[in-house]
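Written out below as structure tokens is the structure these notes cover.
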């Protein structure tokens, strides 16, 4: 069984969400293969890349090169992939070209955010941004793309339910959840043991973009109502976004890290009172798992997917209610409450693993029937 995993969305230098998902799942598949696990018996794994610099962010596996995923050649990229003679191709996106493909194909839907929040990511080429907006004005383009695949993968039960609700595909939908690379359990144990110090640190962490649906403005207003608290904004930020957020509340103490390294991010989490996010919509929420893995509680908006991820460990507030966010954060000032949430957070984080997702995808590969089907 020859499986090709589309790794062309891997970022160079630092992962984003889809890039991290790709590296996490492919790395876990490699680990299963190296261990001789029966789940991947006979599986031959090849990575499809578009830039050799991506290899520094990926495991050591056979690879092949194709045009980039935002290239004008994307509708016919399958003609390049056919040369590899794969049995199954898994793409971490739903837009992979399918013209005259000679293999089974699984496409991934991470979320449906952009139907209600249509602003595209700013780093996409201009023509892709135009197509992006047109694509999200109706459901039929999504249905057309998904129904040309043989199976659909998604990263949460929440998104699977939305796919069903909007009748986006007639094909089987498999959940292979996002996860995170957790630190040793001793890190979380140390956090719970230092509950008094951590609850008193009054350091809040936000990891994510500054797009409108992320609703960072609510977090800024909440911090403005919390004397002594500091909100650390970890991701890269434009000058315009920084100035806009700083103007919301002069009492809010904000620290812009403008793209902290993974090591710096981990250190921030190990010294924080909580990770906070007020997103209006998400397909998952890897920062929640990362924070909980460190034993650091999370205070998040009460959207369905965050309940799926945070379970009983997280604290929830209405997405646009800054006062409610402030109250939930303030409740962590009691060391006993902080320690309880910390221990529950680590236990919840351990329910997510790249290995579990890799096994789900390996089962999809092993179930491949008609290998000669063409579309």
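Residue numbers (the UniProt record's numbering): 1 to 375. Even for Gly, the Cβ is constructed at its ideal location relative to N, Cα and C. Note that the structure is predicted; figures quoted are calculated from it, not measured.
Hey, how far is the Cα of residue 296 from the Cα of residue 159? Counted from its first residue, the chain shown places residue 296 at position 296. Counted from its first residue, the chain shown places residue 159 at position 159. Each residue's alpha carbon lies about 26 Å from the other.
Same chain only: Cβ atoms within 6 Å of residue 153, ignoring 5 sequence neighbours per side: If you number the chain shown from 1, residue 153 lands on position 153. 106, 108, 174, 176.
Between the C-alpha atoms of residue 353 and residue 332, what's the straight-line distance to the nearest angstrom? Sequence index remark: in the chain shown, residue 353 carries index 353 (1-based). Sequence index remark: in the chain shown, residue 332 carries index 332 (1-based). One C-alpha to the other measures close to 27 Å.
Beta-carbon proximity of residue 169 to residue 92, cut-off 7 Å: Locating residue 169 in the chain shown gives position 169, where the first residue counts as 1. Locating residue 92 in the chain shown gives position 92, where the first residue counts as 1. No, the pair does not count as a contact, with Cβ atoms beyond the cut-off.
Pick out the complete alpha helix (DSSP H) segments inside the segment 317-360, 4 residues or longer, and give them in chain order. 322-330, 335-349
From which residue to which residue does the beta strand (DSSP E) around residue 206 run? Taking the first residue of the chain shown as position 1, residue 206 is located at position 206. Run containing residue 206: 203-206, per the beta strand (DSSP E) assignment.
Hey, is residue 41 close to the ligand COA, as in C-beta under 6 Å from one of its heavy atoms? No copy of the ligand COA occurs in the structure displayed, which carries no ligand at all.
Using DSSP bridges, identify the partner residues of residue 106. Position 106 of the chain shown holds residue 106. According to DSSP, residue 106 bridges with 90, 151.
Measure the Cβ-Cβ separation of residue 283 and residue 111 and say whether it is below 7 Å. Looking up residue 283 in the chain shown gives position 283. Looking up residue 111 in the chain shown gives position 111. Result yes, Cβ atoms of residue 283 and residue 111 sit closer than 7 Å.
Cβ-based burial, residue 155 [other Cβ within 10 Å; buried from 16]: Walking along the chain shown from the start, residue 155 turns up at place 155. Buried: at least 16 other Cβ atoms inside 10 Å.
Go through its chain and collect everything with a Cβ distance to residue 410's Cβ below 6 Å, but skip five positions before and after it. Only positions 1 to 375 of the chain appear in this structure, which leaves residue 410 out of reach.
Residue range of the unbroken alpha helix (DSSP H) whose run includes residue 49: What you label residue 49 is simply residue 49 of the chain shown in a count that begins at 1. Taken as a continuous stretch (DSSP letters only), residue 49 belongs to no alpha helix (DSSP H), being part of the beta strand (DSSP E) at 44-49.
If you compare alpha carbons, which of 240, 305, 291 is closest to residue 181? As a working note, residue 181 is residue 181 in the chain shown. Considering only alpha carbons, the answer is 291.
Inter-stretch contact (C-beta, 8 Å, three-pair minimum) for the segment 69-80 and the segment 18-35: no
Confirm, please, whether the CB-CB distance from residue 345 to residue 313 is below 7 Å. Residue 313 sits at position 313 when you count from the first residue of the chain shown. Residue 345 sits at position 345 when you count from the first residue of the chain shown. Going by C-beta atoms, residue 313 is nearer than 7 Å to residue 345.
Could you check what DSSP says for residue 232 in three-state terms: helix, strand or coil? The count along the chain shown starts at 1 and reaches residue 232 at position 232. The answer is strand: DSSP assigns residue 232 an E or B state.
Local conformation of residue 9 per DSSP, three classes: As a first step, residue 9 is located in the chain shown; it is residue number 9 there, counting from the start. Three-state result, residue 9: coil.
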